[in-house]
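Below is one structure, written out as structure tokens, with a few remarks after it.
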Amino acid sequence: MANAKRQPAWKTELDDLMRAVAGAFLFGAPFLYTMEVWWKGNFTSPPRMLLLLGIAYAALILLNLQGGFRGERSKTRMRVMTDSLEALAIALLSATLSLILIGVIHLDTGLEAAMGRVINEALPFSLGVGIADNVLHPDDDTASEPDWQDQTWRGTFADAGATALGAIVVSASIAPTDEIPMISSMISVPWLLIIIAASLLLSYLIVFQASFGAQNSRRSQPGFFQSPISETLASYLISLLISVLMLWIFQLVRLEDPGVQWVSYTVILGFPATIGGAAGRLAL
Amino acid sequence: MTNSTGKKIGTDPRTKAEQVSLAIALALLAGVIGIVISLWLNSSGEPARFRVDRGLVRNEVGVYYLPITVTNEGAETGAQVTVAGKLRGTDDLESTTTFDFISGGASVTGVLVFQTEPTSAEIRVVGYQQP
Numbered sequence: 001m002a003n004a005k006r007q008p009a010w011k012t013e014l015d016d017l018m019r020a021v022a023g024a025f026l027f028g029a030p031f032l033y034t035m036e037v038w039w040k041g042n043f044t045s046p047p048r049m050l051l052l053l054g055i056a057y058a059a060l061i062l063l064n065l066q067g068g069f070r071g072e073r074s075k076t077r078m079r080v081m082t083d084s085l086e087a088l089a090i091a092l093l094s095a096t097l098s099l100i101l102i103g104v105i106h107l108d109t110g111l112e113a114a115m116g117r118v119i120n121e122a123l124p125f126s127l128g129v130g131i132a133d134n135v136l137h138p139d140d141d142t143a144s145e146p147d148w149q150d151q152t153w154r155g156t157f158a159d160a161g162a163t164a165l166g167a168i169v170v171s172a173s174i175a176p177t178d179e180i181p182m183i184s185s186m187i188s189v190p191w192l193l194i195i196i197a198a199s200l201l202l203s204y205l206i207v208f209q210a211s212f213g214a215q216n217s218r219r220s221q222p223g224f225f226q227s228p229i230s231e232t233l234a235s236y237l238i239s240l241l242i243s244v245l246m247l248w249i250f251q252l253v254r255l256e257d258p259g260v261q262w263v264s265y266t267v268i269l270g271f272p273a274t275i276g277g278a279a280g281r282l283a284l
Numbered sequence: 001m002t003n004s005t006g007k008k009i010g011t012d013p014r015t016k017a018e019q020v021s022l023a024i025a026l027a028l029l030a031g032v033i034g035i036v037i038s039l040w041l042n043s044s045g046e047p048a049r050f051r052v053d054r055g056l057v058r059n060e061v062g063v064y065y066l067p068i069t070v071t072n073e074g075a076e077t078g079a080q081v082t083v084a085g086k087l088r089g090t091d092d093l094e095s096t097t098t099f100d101f102i103s104g105g106a107s108v109t110g111v112l113v114f115q116t117e118p119t120s121a122e123i124r125v126v127g128y129q130q131p
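One line per chain: the protein sequences are H and Z, in this order.
For the first sequence, this note's numbering begins at 1 and goes up steadily by one.
For the second sequence, this note's numbering begins at 1 and goes up steadily by one.
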């Protein structure tokens with residue numbers, strides 16, 4: 001009996017936390033692939049770091065008054081303050097893990113530089129956590145579906161199109177920049193497998209685990225995209241295809257370049273592109 | 001209870017799960033703030049000061065690759081840190097490399113390339129910018 005009562009509370013909390021992480025990456029991914037943000041972290045003084053943390057916390061309090069990352073909205077002043085503290089911690093943790101993932105923080109990075117980079121990145125990540133629920137959580141019962149989505153192949157086509165459009169929006173803005181070759185130079189080939197795993201996990205989290213979007217109605221649609229695992233895999237493949245197309249269009253990869261460069265650049269750009277693709281499906 | 005948009009408003013006492021996640025979050029924040037304050041208090045404000053350590057020379061078909069590790073032993077960050085290696089007794093046989101940023105306490109690695117065996121080469125930081 002006690003377990004029966006406890007289980008939903010843990011599951012609700014896990015869902016809330018996953019929603020927060022997904023929101024952080026949705027908003028923070030473009031900043032993650034901006035080297036100037038890392039560089040400024042190299043010479044951000046500790047007092048400035050504290051100021052940034054204070055600004056992030058103040059912004060989170062404002063966002064938590066009307067939204068936040070929890071399915072159940074905070075009401076009391078204490079709840080708003082503690083939820084904002086949690087949101088800041090989630091943003092800092094997400095920023096740290098993602099900077100490690102793309103090789104911007106490693107063992108040789110000085111502590112002050114590492115903290116500067118994390119705290120600079122944590123500001124946009126915090127905003128993402130703060131808007132996680134109210135911006136990306138349309139109610140199931142208000143989501144209207146066009147009639148043509150009743151047909152399986154059309155539903156699948158619509159999801160694939162939304163994924164591709166979302167991936168294009170994100171990857172087209174990142175592909176021409178120097179961040180992709182730079183990140184590629186900072187990580188080893190085996191590390192790409194970890195980036196692939198993280199991309200798949202985030203894509204899954206954003207659309208399914210985090211309860212974003214009109215999930216119930218999405219699952220009631222026919223189509224290949226309506227199974228969580230197949231949707232995650234298919235959307236990742238589409239995001240990779242868009243990534244490699246963008247890299248080729250912007251001449252980051254050419255036919256004569258070695259295969260390892262193609263693979264490395266594509267996987268690295270595929271990480272934010274997948275997040276964009278997931279966001280695209282939410283907007284559908 | 002729901003608000004005007006039909007969304008549930010949390011008025012119940014904090015659940016055990018929420019208490020655990022809040023405790024972990026507070027511990028993480030305390031750690032981050034503690035580290036930042038510690039960095040602030042222990043900041044000497046020393047200008048950047050560099051140490052160059054050599055690795056083992058690698059010979060690839062007559063070209064010598066000398067790995068180097070540059071450590072900033074000061075507190076301030078150095079930008080565009082340029083390291084040059086010059087063979088003793090020569091004026092023009094020199095190899096250089098530039099690092100974008102080396103933060104206080106951080107180490108970076110690079111490689112100098114020579115056409116002649118560089119074990120006795122003089123290697124030093126020849127300049128940097130203050131960001």
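Built from N, CA and C at the ideal position, the CB exists for glycine as well.
- Chain H has no Cβ within less than 8 Å of the Cβ of residue 50 (chain Z).
- Counting along the chain, the unbroken alpha helix (DSSP H) around residue 16 (chain Z) starts and ends at 16-42.
- For residue 111 (chain Z), the secondary structure class from DSSP, reduced to helix, strand or coil, is strand.
- When the Cα atoms are used, residue 41 (chain H) and residue 70 (chain H) turn out to be separated by approximately 30 Å.
- Against chain Z, the CB of residue 93 (chain H) has a partner CB under 8 Å away; the residue lies at that interface.
- Listed along chain Z, no residue sits closer than 7 Å to residue 56 (chain H) by beta-carbon distance, the nearest being about 11 Å off.
- Under the Cβ criterion of 8 Å, residue 18 (chain Z) is counted among the residues facing chain H.
- If you check the CB distance, residue 61 (chain H) and residue 84 (chain H) come in under 8 Å.
- Here residue 196 (chain H) has 267 as same chain residues with Cβ atoms under 7 Å from its own Cβ, once five neighbours each way along the sequence are excluded.
- Taking 8 Å as the threshold, the shortest C-beta distance from residue 50 (chain H) to chain Z falls below it.
- For the 8 Å CB-CB criterion, residue 89 (chain H) and residue 28 (chain Z) form a contact.
- Shown here, residue 107 (chain H) sits in coil according to DSSP, grouped into three states, outside any helix or strand.
- In the DSSP assignment, residue 98 (chain Z) forms a beta bridge with Z:82.
- At a Cβ-Cβ threshold of 8 Å, residue 112 (chain Z) and residue 85 (chain Z) count as neighbours.
- If you look at residue 80 (chain H), you'll find it in the alpha helix (DSSP H) that goes 77-101.
- Neighbours of residue 104 (chain Z) in chain H, taken as residues whose beta carbon is under 7 Å from its own, are 110 and 112 in chain order.
- Against residue 35 (chain Z), the close residues of chain H are 111 and 115, in the order they occur along the chain (beta-carbon pairs closer than 8 Å).
- The stretch 186-200 of chain H and the stretch 18-38 of chain Z do not touch, with fewer than three beta-carbon pairs separated by less than 8 Å.
- Taking residue 271 (chain H) as reference, the option from H:166, H:227 and H:107 with the minimal CA-CA separation is H:166.
- The shortest C-alpha to C-alpha distance from residue 30 (chain H) to any of H:128, H:80, H:110 and H:108 is the one to H:128.
- For residue 9 (chain H), the chain Z residues whose Cβ falls inside 7 Å of its Cβ are 15, 16 and 17, in order along the chain.
- At a C-beta separation below 7 Å, residue 59 (chain H) has no neighbours in chain Z, since its nearest C-beta there lies roughly 15 Å away.
- When the five nearest sequence neighbours on each side are left out, the beta carbons in the same chain lying within less than 7 Å of the beta carbon of residue 74 (chain Z) are those of 46, 47, 48, 49 and 104, in order along the chain.
- DSSP places residue 56 (chain Z) outside both helix and strand once states are collapsed to three, so it counts as coil.
- For residue 50 (chain Z), the beta-bridge partners assigned by DSSP are Z:72.
- Between residue 108 (chain H) and residue 106 (chain Z), the beta carbon gap of about 6 Å places them in contact (Cβ cut-off 8 Å).
- A Cβ of chain H is located within less than 8 Å of the beta carbon of residue 28 (chain Z).
- With distances taken between CA atoms, residue 117 (chain Z) lies nearest to Z:62 out of Z:31, Z:62 and Z:35.
- Residue range 46-66 is occupied by the alpha helix (DSSP H) that includes residue 57 (chain H).
- Under the Cβ criterion of 8 Å, residue 118 (chain Z) is not counted among the residues facing chain H.
- Residue 64 (chain H) is classed as buried because its beta carbon has at least 16 other beta carbons within 10 Å across all chains shown.
- In the same chain as residue 108 (chain Z), and ignoring 5 residues on each side of it, the C-beta atoms closer than 6 Å to its own belong to 70, 99 and 102, in chain order.
- For residue 131 (chain H), there is no enclosing beta strand (DSSP E), as DSSP marks it with neither H nor E.
- Listed along the chain, the chain H residues whose CB falls inside 7 Å of the CB of residue 22 (chain Z) are 82 and 86.
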